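Colleague: Okay, here's the structure, questions in a sec.
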């Protein structure tokens, strides 16, 4: 499993409020918001995202309740569906717990979730719309 | 505030157990473990870290209890102490809540914490031992 984190996602109760903070407050440039539930920002090496808590709970079939430090998910992006399957198996062999088996995702990709030490959720996914560069970084398509 | 995340840190009850997962299980290369409480890994664009939960609780003066998705902190690394002060103020003006005022940190840097929407902890810090490149990515010193 290549040493990288493709995306760090803040799980938030209200994506619009969080977008105002990062965009109007800090001046960050949105890359894409395919729905009101999600927002993506290009950062060096990968992607920073916001995702609505109830949407995550529905996606993984697990309650995501309020936590003192908020909820976050990490993603590791593969270069193919086959690499998702192989990496999911590798993670389980290393001691991760299966949360969601690899399957076609509603957003057009292929996604799985595992739980790693500390109870953290790691999505292992292939996104056909994003590019994983040779150095492992992820580049988002430029909008517009 | 430049659009970047310098470090994503998994807060874990047992750093040694988590290190075994990432290093022995997944084959990731440790960059540095300045104490048994913390471990750093270079990833594209920045740093992935493990940090002991009780150590974080002590550092920020806030209880960090078990959460269904684990606890994570994000860090934004400045290029100077003055930039920490300015960025801390900018974050507060944008609506973040102060958790820890900027001050000299025990590890030799200068650090502050704010809470951003969703209850997430964002450290805004200057680390004199790490390099923030022109593109905002962070490069760790090569060990050895």
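Protein chains in written order, with this note's numbering: chain A, 43 to 186; chain B, 43 to 186. Ideal placement from N, C-alpha and C gives every residue a C-beta, glycine not left out. Because the structure is a prediction, the values reported are computed rather than measured.
Return the first residue and the last residue of the beta strand (DSSP E) that residue 156 of chain B is part of.
Modeller: From DSSP, the beta strand (DSSP E) with residue 156 of chain B extends over 152-158.
Colleague: Of the residues that make up the region 140-163 of chain B, which ones have a beta carbon closer than 9 Å to any beta carbon in chain A?
Modeller: Result list: 157, 158, 159, 160, 161, 162 and 163.
Colleague: What residues of chain B sit near residue 54 of chain A, judged by a beta carbon separation below 7 Å?
Modeller: 159 and 160, listed in chain order.
Colleague: Does DSSP put residue 184 of chain A in a helix, a strand or coil?
Modeller: Of the three classes helix, strand and coil, the one that applies to residue 184 of chain A here is coil, per DSSP.
Colleague: Who are the Cβ neighbours of residue 132 of chain A in its own chain at under 7 Å, not counting the five residues just before and after it?
Modeller: Closer than 7 Å at the Cβ level, and outside the excluded window around residue 132 of chain A, lie 43.
Colleague: Is residue 120 of chain A closer than 7 Å to residue 168 of chain A when the C-beta atoms are compared?
Modeller: Yes; because the gap between Cβ atoms is below 7 Å, this pair is in contact.
Colleague: On the CB-based measure, 16 or more other CB atoms within 10 Å of its CB, does residue 171 of chain B come out buried or exposed?
Modeller: Exposed, by the Cβ-count rule.
Colleague: Along chain A, in chain order, which residues have C-beta atoms closer than 7 Å to that of residue 87 of chain B?
Modeller: What residue 87 of chain B touches in chain A: 85, 86, 87, 88 and 179.
Colleague: Return the CA-CA distance between residue 183 of chain B and residue 71 of chain B, expressed in angstroms with no decimal places.
Modeller: Approximately 13 Å between the Cα atoms of the pair.
Colleague: Given a limit of 8 Å on CB to CB distance, which residues of the region 115-139 of chain A reach chain B?
Modeller: From the region 115-139 of chain A, only 115, 116, 132, 133, 135, 136, 137 and 138 have a Cβ closer than 8 Å to chain B.
Colleague: Note down, in chain order, each residue of its chain lying with its Cβ closer than 8 Å to the Cβ of residue 58 of chain B, except the 5 sequence neighbours on either side.
Modeller: So the list reads 78, once near-sequence residues are dropped.
Colleague: Which residues of chain A have a Cβ atom closer than 7 Å to the Cβ of residue 112 of chain B, listed in chain order?
Modeller: Result: 160, 161 and 162.
Colleague: Along chain B, which residues have their Cβ under 9 Å away from the Cβ of residue 21 of chain A?
Modeller: Here chain A covers residues 43 to 186 and nothing more, so residue 21 of chain A does not appear.
Colleague: In chain B, which residues lie less than 8 Å from residue 63 of chain A when you measure between Cβ atoms?
Modeller: Chain B residues near residue 63 of chain A: 136, 137, 138, 158 and 159.
Colleague: If contacts are defined as beta-carbon pairs under 8 Å, then residue 90 of chain A and residue 50 of chain A qualify, I think. What distance do you get, rounded to the angstrom?
Modeller: Indeed, because the Cβ distance is near 6 Å, the residues count as touching under 8 Å.
Colleague: Counting only beta-carbon atoms, is residue 167 of chain B nearer than 7 Å to chain A?
Modeller: Judged by the 7 Å Cβ criterion, residue 167 of chain B is not in contact with chain A.
Colleague: What in chain A is Cβ-close to residue 103 of chain B, meaning under 8 Å?
Modeller: Simply none; closest approach about 12 Å.
Colleague: In three-state terms, what does DSSP make of residue 74 of chain B?
Modeller: Three-state result, residue 74 of chain B: strand.
Colleague: Helix, strand or coil for residue 126 of chain A per DSSP?
Modeller: In the structure shown, residue 126 of chain A sits in a helix (DSSP, three-state: H, G or I).
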